[in-house]
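In the numbering used here, the protein residues as written are 8 to 200.
Even for Gly, the Cβ is constructed at its ideal location relative to N, Cα and C.
Fair warning: this is a prediction, and the values are worked out from it, not measured in the lab.
Put into structure tokens, the structure is as follows:
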């Protein structure tokens with residue numbers, strides 16, 4: 008995990024900042040390696056500061072942290088990805104707008120809006136769980152994408168590039184394997200529900 012985080016920080020942030028301040032000149036490989044090592048140390052220090060707080064019972068533990076953190080990001084990313092992939096006239100700004108809306112809505116549901124909805128009697132349970140908040144955020148972002156695309160579509164649809172060298176035909180075994188995975192998942196869902 009540290010390797011991935013330091014690589015992303017080095018290549019996507021550090022290298023671009025260095026290039027900007029170097030007048031457009033690419034940084035040397037040895038400099039990037041050193042920067043990656045510095046990022047590893049920084050991330051380890053951050054982890055050392057955060058880790059003790061995650062073990063406190065009132066916090067709920069690391070899994071609660073992971074669940075809640077994912078709620079601020081995952082539904083919005085999934086919604087804009089699916090919508091952008093399936094709707095070729097979707098405006099480009101929906102990507103950042105959907106992700107920002109998701110973070111704001113999820114935070115609102117977690118901090119005050121969820122309790123208010125429950126208090127009004129509009130929810131079926133004593134609280135809105137993180138999975139329910141994620142579902143609400145996903146559907147809200149999808150609805151916003153649909154409305155904004157209807158109001159302000161792109162003038163021409165985006166066409167996906169096609170590589171004729173690659174065969175996109177799926178094999179029969181892949182289709183049957185996919186069907187088997189779906190059936191097994193449904194069976195497990197029914198058994199453990």
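With a beta-carbon spacing of about 12 angstroms, residue 32 and residue 23 fall beyond the 8 angstroms limit used to define contacts.
In the three-state DSSP reduction, residue 10 falls in the helix class (H, G or I).
Distance from residue 151 to residue 98 at the Cβ level is roughly 11 angstroms; contact not present, criterion being Cβ atoms closer than 8 angstroms. By the CB criterion at 8 angstroms, residue 116 and residue 135 fall inside the cutoff.
In the DSSP annotation of this structure, residue 16 is not part of any alpha helix (DSSP H), being labelled neither H nor E. Of all C-beta pairs linking the region 64–84 to the region 94–108, three or more are shorter than 8 angstroms, placing the two stretches in contact. Within the region 80–141, the runs of alpha helix (DSSP H) at least 4 residues long that lie entirely inside it are, in chain order, 101–115, 121–126. If you draw a straight line from the Cα of residue 13 to the Cα of residue 43, it comes to about 5 angstroms.
Residue 55 counts as exposed, since fewer than 16 other beta carbons sit within 10 angstroms of its beta carbon. Residue 161 sits in coil when the DSSP states are folded into three classes, being neither helix nor strand. CA-CA distance, residue 50 to residue 189, rounds to 39 angstroms. Nearest neighbour of residue 75 by Cα position, chosen from 37, 195, 142, 125, turns out to be 142. Relative to the Cα of residue 48, the nearest Cα in the group 149, 17, 192 belongs to 17. Annotation for residue 66: no alpha helix (DSSP H) segment contains it, and DSSP assigns it neither H nor E. In this structure, the straight-line span from the alpha carbon of residue 124 to that of residue 133 is close to 10 angstroms. Rounded to the nearest angstrom, the Cβ distance from residue 113 to residue 96 is 27 angstroms, too far for a contact under 8 angstroms.
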